[in-house]
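Here our numbering is used: the first residue of the sequence shown is 47, the next is one more, and so on. Here is the structure we will look at.
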Amino acid sequence: MAVTIEDAVFNALRGHHNEQTKLPSPRIIKIYVASLRDDFKEERRVLLEVIGPDLQSLYDDRQIEVELVDIHFGTGCDGLTAVDLDPYVLEDHLEEIETCRTVSKSVFLIVLLGSRLGNFLLPTKLEPAIYAAIAERCNEEESERLHKWYKSPETDRTDALLDGSCYWLSTDYRKLDRAEWSVECEQLRCLLERKIDDILRTTTNGEPTTTTTTTTNGDDHGNGGGGGDDDGEKQQFCDNLKRLTTRAIAREIEKGLESSPGRILALFRHWTADGQPENGANDGREGITPGIEQLERRLTDALPAANHQTLTVDWAENGIDPELECHDLYLTSFKNKMFEMMKASIDQDMAKDPNGGKARKKTVQEIFHEHSTHLMYLNEHLSANGYISSRVPERIRQNVQMNFRSGSRHPPYFVYGGHGSGKSTLLSHIYTQLPGWFEHTKTHRLIRYASATPRSAYNLELLRVVCQQLAIILNIPEGYLPKDASFDPLYINNWFQNLLKHCEDLHNELLFLFIDDLHRLHPLDCDIVAALSWLPISLPWNVFLIVSTTVPIESLKLTPMQKERFKCSDYFFDLSLEQNETVVRPWAPSRDSVTTGDSSTLTFVQRVNAVFDAMEQRFGVKGFSRLAVYITCSEYGLTETELLELLMPTQDADVVIDSREGDFNFSTFRSIRNQMRLVLREKLMSGKLLIVWRHSICAEITKARYMTPDITRAIHSELVNLFFPPDGDDSDDMSTEQHSRKSSVQTQQDDNVTQVLNLGPDISYSIRHVEEAWHHLIKSEDTKKLKEIAVCNFDFLLAAVQTVSISYLRCLIEHVRCYILDRDIELVYYTIRKSSDVLTRDPMQLGAQLISWLKSVSAHEGPQALLSVTVQSATAWCDGYTVPLLVPLTGWLPVPLPSQIRCMTVPGPGPVRCIAVSPSKQHLILSPKVGDPQMWHIMSNNLVHTFKGHSGPVTYMKVQSQYLVTASEDTSVIVWDMRTLETKLRLREHIAPALCATLALDNKYLISGSDDSSIIVALFDGGKLVTKIDHHRGPVTALHVSYPSEVLVSSSHDATVCLWSLESFTLLNCIQMSQPILNIQISCDSTFLLLHCADNGLYLRSLTTGTELHALKGHKSK
């Protein structure tokens, strides 16, 4: 009896799965368009620009992505296709058809067939018998050309590595100019086509020539001898020759018909008989038409009747011309018939899976999709067949069996090793071997690859999903979510511990948890004590946790007790040690990445660099680096459609898109993906196929080779515009995919209700915005945009809660807080934090909670403030919600901000003399009494930069505009550019320690005061001395500029405050005090002057007149 779908799902969640287990498929309809480039240019344009968008809008509500692959787009208009110029590309095109068949939920191939089959293709390889037969018929010049481009194994060791019995087409043509190779290619093609036709005629007629004899002998030799029947050998030889004459479109059709004819659509275009010129002049190559008719019959026989149509149109010399009325009517008919065929076929296939598995419980569906992503990672490691041998599995097996039999508690197992050491392969091998370790015992397995998905990137969210999956595995009576559940870190941690205790009561059952790359989990402030403090020190007798890490245990965010316990030699396996020796299969050499020397001696990093070098050589540094940088900057990967939006210009389909210029078309993009299969993987997440690096070291190498901070920021800005297209007049010119993304966003409220969340007039939120886009808003350093369209936007918050969970939203905002200190973000974060319990039970209460906590804030800040807009959006959503909601009409709750947001610990510098805030307001600049100034990031508490340049302690710091001004006891004043963190100007005019400095007149002057009572005025550009003021009779303690009057104010130990004109540097006024002045400040409106004097008093005076207004005394200490 077959296992039901639900049983299969629950078995997969318990780790009881096999190769036949049906995992979720991508929600995509990817269609390859097979046609001749020049014959069907207009039809393909209609497909891409009209039919594709119409279908996308039709299936938006089902979250289906429609992608049409026009392999001829951007390959030029000179009569030569990509396959004509590079025959090896045909294999990439055929693989693209197979990819479409595999991933598409419906139609995967559209065939447009006219009256021609296209050019003869250069064979990529010739068998020795065929090569000998062709060479025999060549004259000296032709023979030279043949030997030039088809290399024998004896003269080309690279080709010999692949196939020692064939002559391969040399790829040296990739080094030639397109025009030069076009001429050479045409000559070589005519030569081969002529000779092959000649051989076929001779052989078919049965003439006993030396050619056939030579061919037979050569064929016997190529096949290792054998002396079979001469007629059979001759037939085989003829068949091989005929295969060489097969055109590209015929090969594409054959590839499609091999698998699923029912998912292929075909449209045949016939010219009207009265429109054709005599003798088939429109074709110009007699003998092609019979092949067309045979191909058309084959398609009509294989395809269902509803899947093919025939259209007739008047012939024109230049093909289809939309300006002609009859051709315009034809294109309209083409559009209608093709749309109806595609829609009918898609609807028929979608009817087989009407809800995509959504009929099951939402919790089970969410956990199953998350678990499936990690199972696909597991299957990928297993299919690579990389495991050779290791001593670790046997050691773990013995230890596990001992603990199981003795019933003793134990710590987790740690597998530690560097990049390419085989950690992931080892974990995958152990995962598959587990069922054989125990007889008559049920073994449950759960595996996670850290940071592979948003739900496995944070400790809180990882634990939440693992706990819910454990509840499914253990079939907890109270359900998959306890009634008192709260997605709060403390509750989740306790829930996990309780579930492990529940496992202890099971008899004859074991639970194995695997976590690969534990170090990749993002640490957040919400983590209790330490980021990984949830890892149990002691596990039950039948629960085993196996984790891997590239980072040493000492560097992981563990508690001291965990670090000590996890270092136990029986549970910690360092793969670099001999007793834990692990051998994995290295990458096999490929045609485009052959390395010099013995490849077996290369390190893993060297192998990756070799692949990068090969890609640069094949596709150009500019093109490959762009692709590599986009993939590196993505958080969880980008879809093919998204990457093509970034890499493929769409203004003119006839322009040659060259990867060496940094751009890709469909053809070159498929080629580079095939060549990069060793370092790229395609993962399924949230119904999307995402392209990511296979190894994290690839991202590190990309950053080192191609990326700078400015490039990184610019790339993230591009990705922001990809997900949130800017408003503008050119919105109509945006690509199909952008329109589809705008209109296709939906979030699932429950099993029956769907809510469309609008970002604005055109843009809606999708799961891609919730999972990927906000990361790029952070890293593009556009805080304003991040707040307006993400973190402080009600629709975005609601989408995150509905599509994922409240714990994910909490992790998301925590992640933002690791980068940005902002009051609005803090208010939203603490609102979500205080609402966790309520939103865990009912996510639809998000609007009510935001209104309750933030209404008082919005009332104080005014209707145009950002949080006021958030509250208004929440109120409008609550008013329009169909289900009754309890919404407060007034706000009485206090502002949800604690008295202390952040406490920074700055080790090392000792007592701090002065402090300043960076222009971005995200960094603190500290000046210790001894040592150089340091810049610390506030929210992450990380040291970002040390300003090295002074030889003595810094006495004063001030941030103005984008510059930091520092004065030092070494008598110098330095101006630092805060964008580049480099020295802008160094002033050495003082003969005593500099005590203060400031910029004036829009950075025209640098003014500084010193211990010798002098004030130096210098030009900011160049540092040229303008004047020196020696009015004060004591050290100058402070300098400020009054705006907008542009008056310089100076104070000194001589108990005076002087006001100076910045135009003539003359004294305007002098305010006399009774005590030496230590510091001064000017009010924002330049009205008041606050003085700090040696008697520890604060005095408030009028800046203009010096009139005493108030005195503040009473401080007992300095």
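Note that beta-carbon positions come from the ideal geometry of N, C-alpha and C, so glycine has one too.
Which value, in whole angstroms, describes the spacing of the CA atoms of residue i and residue j?
{"i": "Lys529", "j": "Val874", "result": "26 Å"}
{"i": "Asn720", "j": "Lys901", "result": "55 Å"}
{"i": "Gln794", "j": "Thr318", "result": "The predicted position of Gln794 is uncertain, since its pLDDT is 36 and thus under 50; no value can be drawn from it."}
{"i": "Ser315", "j": "Asp124", "result": "Position check: residue 315 holds Arg in this sequence, whereas Ser was assumed. If you take the alpha carbons of Arg315 and Asp124, they lie about 23 Å apart."}
{"i": "Ser1056", "j": "Gly937", "result": "55 Å"}
{"i": "Asp84", "j": "Asn364", "result": "10 Å"}
{"i": "Val802", "j": "Ile813", "result": "Low confidence applies to Val802: its pLDDT is 40, below 50, so where it sits in the model is not reliable enough to give any reading."}
{"i": "Asn382", "j": "Lys68", "result": "36 Å"}
{"i": "Val847", "j": "Leu506", "result": "15 Å"}
{"i": "Asp828", "j": "Trp820", "result": "11 Å"}
{"i": "Asn987", "j": "Met950", "result": "6 Å"}
{"i": "Ser1059", "j": "Met981", "result": "30 Å"}
{"i": "Leu1155", "j": "Arg1032", "result": "39 Å"}
{"i": "Ala294", "j": "Glu691", "result": "27 Å"}
{"i": "Gln946", "j": "Asn64", "result": "53 Å"}
{"i": "Glu230", "j": "His193", "result": "13 Å"}
{"i": "Ala468", "j": "Pro606", "result": "The amino acid occupying residue 468 in the given sequence is Gly; Ala does not appear at that position. Roughly 28 Å between the two C-alpha positions."}
{"i": "Asn655", "j": "Lys749", "result": "12 Å"}
Decide if residue i is buried, meaning its Cβ has at least 16 other Cβ atoms within 10 Å, or exposed.
{"i": "Thr358", "result": "exposed"}
{"i": "Leu581", "result": "buried"}
{"i": "Ala351", "result": "exposed"}
{"i": "Met731", "result": "buried"}
{"i": "Asp106", "result": "buried"}
{"i": "Asp925", "result": "exposed"}
{"i": "Met661", "result": "buried"}
{"i": "Cys1116", "result": "exposed"}
{"i": "Glu686", "result": "buried"}
{"i": "Asp218", "result": "exposed"}
{"i": "Tyr1051", "result": "buried"}
{"i": "Tyr1089", "result": "exposed"}
{"i": "Gly463", "result": "buried"}
{"i": "Ala225", "result": "exposed"}
{"i": "Gly61", "result": "buried"}
{"i": "Val963", "result": "exposed"}
Please name the residue in the options whose C-alpha comes closest to that of residue i.
{"i": "Ser228", "options": "Ile1062, Leu690 and Gly122", "result": "Gly122"}
{"i": "Ser198", "options": "Lys668, Tyr213, Leu1105 and Glu190", "result": "Tyr213"}
{"i": "Phe385", "options": "Leu370, Ala312, Ile180 and Pro350", "result": "Ala312"}
{"i": "Lys488", "options": "Pro368, Glu555 and Gln281", "result": "Glu555"}
{"i": "Gly453", "options": "Leu375, Leu567 and Asn588", "result": "Asn588"}
{"i": "Thr928", "options": "Met890, Asn1049, Thr1150 and Gly468", "result": "Met890"}
{"i": "Pro1093", "options": "Ala1046, Leu1137, Thr649 and Ile1075", "result": "Checking the sequence, you will find Val at residue 1093 rather than Pro. Answer by Cα proximity: Ala1046."}
{"i": "Leu424", "options": "Thr170, Tyr462 and Thr478", "result": "Thr478"}
{"i": "Arg343", "options": "Asp868, Lys469 and Leu303", "result": "Leu303"}
{"i": "Phe712", "options": "Leu140, Ile110, His62 and Asp100", "result": "Leu140"}
{"i": "Phe658", "options": "Tyr219, Tyr752, Leu591 and Asp704", "result": "Tyr752"}
{"i": "Phe119", "options": "Asn353, Val1095, Val129 and Arg887", "result": "Val129"}
{"i": "Ile878", "options": "Asp244, Ile897 and Leu867", "result": "Ile897"}
{"i": "Leu935", "options": "Thr921, Asp132 and Cys1104", "result": "Thr921"}
{"i": "Asp888", "options": "Leu472, Gly683, Thr1001 and Ser851", "result": "Ser851"}
Regarding residue i and the ligand NAD, is the C-beta to nearest heavy atom distance less than 6 Å?
{"i": "His822", "result": "With respect to the ligand NAD, the structure shown offers nothing to examine, as it has no ligands at all."}
Closer than 8 Å is the cut-off here; do at least three beta carbon pairs connect the region 610-630 with the region 420-435? yes
Which runs of the beta strand (DSSP E), 3 residues or longer, sit entirely within the region 395-483? Runs of the beta strand (DSSP E) inside the region 395-483: 433-436 and 459-462.
Any contact between the region 1080-1093 and the region 1034-1045? By contact I mean 3 or more CB pairs, one from each, below 8 Å. yes
Run through the region 161-239 for me and flag every whole beta strand (DSSP E) of 3 or more residues, listed as ranges in chain order. 213-215
Would the region 388-399 count as touching the region 710-717 if we require 3 or more Cβ pairs under 8 Å? no
Threshold first: 4 residues or longer. Then list the alpha helix (DSSP H) segments lying entirely within the region 101-166, N to C. 128-131 and 135-149
Could I get the ranges of all uninterrupted beta strand (DSSP E) runs contained in the region 1002-1078, with 3 residues as the minimum, in chain order? 1009-1014, 1019-1023, 1028-1033, 1040-1046, 1051-1056, 1061-1065 and 1071-1075
Would you check if the region 407-420 and the region 177-194 touch, i.e. whether three or more CB-CB distances between them fall below 8 Å? No, the region 177-194 is not in contact with the region 407-420.
Do the region 144-157 and the region 72-81 meet, that is, are 3 or more Cβ pairs less than 8 Å apart? yes
Threshold first: 4 residues or longer. Then list the alpha helix (DSSP H) segments lying entirely within the region 860-926, N to C. 869-880, 882-887, 892-907 and 912-926
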